[in-house]
Amino acid sequence: MLKADRKNNHPILVQKILFTAIIIVVYLLGRSLPLFGVDISVGRIEDIDVQVLLLQSISGDRYENSILSLGIFPYMIATLVMQILISTLSADTKSRISSITLNRLSLNVMLIVAVIQAFYKVNQLTFRQTDYSPTLVKAVVIVQMIAGAFVILWLADRNGKYGIGGQTTLIYVNILDSLTSALSGNPIQKMIIPIIISIVIMVVVIIMENAEKRLPVQRISIHSIYADKNYMAIKLNPIGVMPVMFSSAMFMLLQMLAAFLKMLFPENSVILWINDNMVLTELFGIFVYIVGIFILTIAMAFVFISPKDLTEQFLKSGDSIINLHAGTDTRRYLRKQVLMMSLISSTVMGVCILIPMLLEYYDLISPSLAVLPSSAMMLTGIFYNLYQEVIVVRNYDEYKPFI
């Protein structure tokens, strides 16, 4: 197919960009389709704060009344759960599990999360008076929400195969939408501090994305002058800005859990306090969110850069890190390196997000502008990855076919 496209002078990059544009249009149209029987006039949010805008990056629908109101939250939680489960398996066990089995398990987890989230959200909606029973209307809305979540998954999957950016493109659209909402109606003098913080964060993210620590590796298959130039690289920001997005999903999950406990124990003062303060406009909620970034950054670093798997690969190939014995010493060393890099990354990202949230809490900046630095961080990280993908596809277009 690619060869035929080249003969017809249709660059792959252009095709991918056009396909992504179509996916975005379909996604935006889906966000404009209201749920059955929902009074959309009641869902308008006048007071825009950091929580509304930050969580919009994963839900997409700030008013939460469209068929795509669940956003990518179920998919992100399912992905996180599957990554944690897979990380507990040995390399041999992983190799025996087919991709079809993993995909089926991931879809089952996503379905469970989508059902729970839909039941949680349906109780927060206001419905119009109709000729149908309220139970039937809510049941239809729940089905619409769950179906919408799988439509988003399908769009992200199609975009990953034939477009640019995969599911991050939809997140990019959500963040740009939230930024538009944040910036509208704010005078330029109020934007100075958030913009300065955002620029600093963008520079920091770019530096972290390009910085890496190189561990010298001895390859038994290389006996040339390049033998001393082999290394294994660990990025200063091993997971990029993914923990920020996943922490938003985890925070939403904790909010749902707190609301559920409140329903079970309505007289418990501790649970009531947690439910009231599990928001990003309160110090408790801010603390939970920042701690979540730390935990997820470290956990995801150990999942995606598994010292256990790397050690097993060294043992099987006969390669080794210079001046280290294979096995336990190598695994311990790699754990230390991954932990150190993830701690640096989580600290930098946590501080960059904590500062504007505290400024909002103490009324030093507008609530709607407090999300600007964190949005700038996510946009920069996602754009950097998109840029690298575009470069790879463009380089592919520059190759000339032999026939």
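Quick note: the sequence shown uses numbering that gives the first Met the number 0, first residue 0, plus one each step.
Where a beta carbon is used, it is the ideal one built from N, C-alpha and C, also for glycine.
From residue i to residue j, what distance separates their C-alpha atoms?
i    : j    : result
I270 : L260 : 7 Å
R5   : A146 : Confidence at R5 is low in this model, with a pLDDT of 48, below 50, so its placement is unreliable and the value that follows should be read with caution. Computed Cα separation, rounded: 37 Å.
P355 : I23  : 30 Å
F92  : I99  : It should be noted that the sequence gives Thr, not Phe, for residue 92. Roughly 15 Å between the two C-alpha positions.
Y119 : M255 : 7 Å
N122 : P33  : 16 Å
L104 : V114 : 16 Å
R95  : G326 : 23 Å
Q128 : G36  : 8 Å
C351 : R30  : 30 Å
S367 : A181 : 5 Å
V216 : K335 : 17 Å
V202 : S373 : 13 Å
N7   : L154 : Interpretation of N7 is limited by its pLDDT of 47, a score under 50 that renders its predicted location unreliable; the figure taken from the coordinates is listed afterwards. If I take the Cα positions, the gap works out to 27 Å.
S268 : D275 : 10 Å
I206 : E266 : 50 Å
L314 : L252 : 40 Å
K189 : I21  : 36 Å
Y395 : T168 : 21 Å
L358 : I192 : 10 Å
E63  : F286 : 26 Å
E208 : V337 : 15 Å
T346 : L67  : 34 Å
K15  : A210 : 29 Å
M231 : V136 : 56 Å
D362 : M262 : 32 Å
S177 : I194 : 15 Å
F250 : L84  : 20 Å
Q166 : V140 : 24 Å
N229 : S97  : 32 Å
Y360 : L235 : 30 Å
A3   : A138 : With a pLDDT of only 43 at A3, under the threshold of 50, the placement of this residue in the model should not be trusted; the figure read from the coordinates follows. Their backbone Cα atoms lie some 48 Å apart in a straight line.
If I measure Cβ to Cβ from residue i and keep anything under 6 Å in the same chain, skipping five residues before and after, which residues do I get?
i    : result
T179 : none
T310 : T329, R330
L333 : P306, L309
V204 : M376, T379, G380
K212 : I233
I273 : A257
V302 : Q82, S86
Hey, residue i and residue j: beta-carbon distance below 7 Å or not?
i    : j    : result
M411 : A117 : Residue 411 is absent from the structure shown; the chain starts at 0 and stops at 402.
F72  : A248 : yes
T19  : G162 : yes
I219 : G317 : yes
L12  : V392 : yes
L385 : I320 : no
L371 : S197 : yes
P242 : I304 : no
CB-CB under 8 Å to residue i, same chain, minus the five flanking residues each way: which ones, in chain order?
i    : result
L69  : S58, A113, Q116, A117, K120, M144, I145, G147, A148, I151
N185 : S365, S367, L368
E388 : I163, G164
L175 : L378
M403 : The displayed coordinates of the chain run from 0 to 402. Any statement about residue 403 would go beyond what the structure contains.
V172 : I23, Y26, L27, G59
L17  : none
S65  : G29, R30, S31, L32, P33, L34, G147
P133 : F126
With a threshold of 7 Å on Cβ separation, who are the neighbours of residue i within its own chain once the five nearest residues in sequence on each side are excluded?
i    : result
S246 : Y288, G291, I292, L295
A77  : S105, V108, M109, V112
H324 : none
F264 : I270
G284 : N276, M277, V278
L79  : F245
Kindly indicate if chain D contains any beta-carbon less than 7 Å away from that of residue i.
i    : result
E266 : As a matter of chain content, chain D is missing from the structure shown, which is built from one protein chain.
Spell out a yes or no on whether the stretch 130-144 and the stretch 157-172 are touching, meaning 3 or more CB-CB pairs, one atom from each, closer than 8 Å.
-> no
Beta strand (DSSP E) segments (min. 3 residues) lying fully within the stretch 186-235 | 211-217, 230-234
Considering only residues of the stretch 57-139, which uninterrupted beta strand (DSSP E) runs meet the minimum length of 3 residues and lie entirely inside it, listed in chain order?
-> none
Between the stretch 275-286 and the stretch 103-117, do three or more beta carbon pairs fall short of 8 Å?
-> no
Taking 8 Å as the threshold, find out whether the stretch 334-348 comes into contact with the stretch 292-299 through three or more Cβ pairs.
-> yes
Report the residue ranges of all alpha helix (DSSP H) runs contained in full by the stretch 343-402; include only those spanning at least 4 residues, in chain order.
-> 371-397
Quick one: complete alpha helix (DSSP H) runs, 4+ long, within the stretch 265-322?
-> 268-276, 282-303, 306-316
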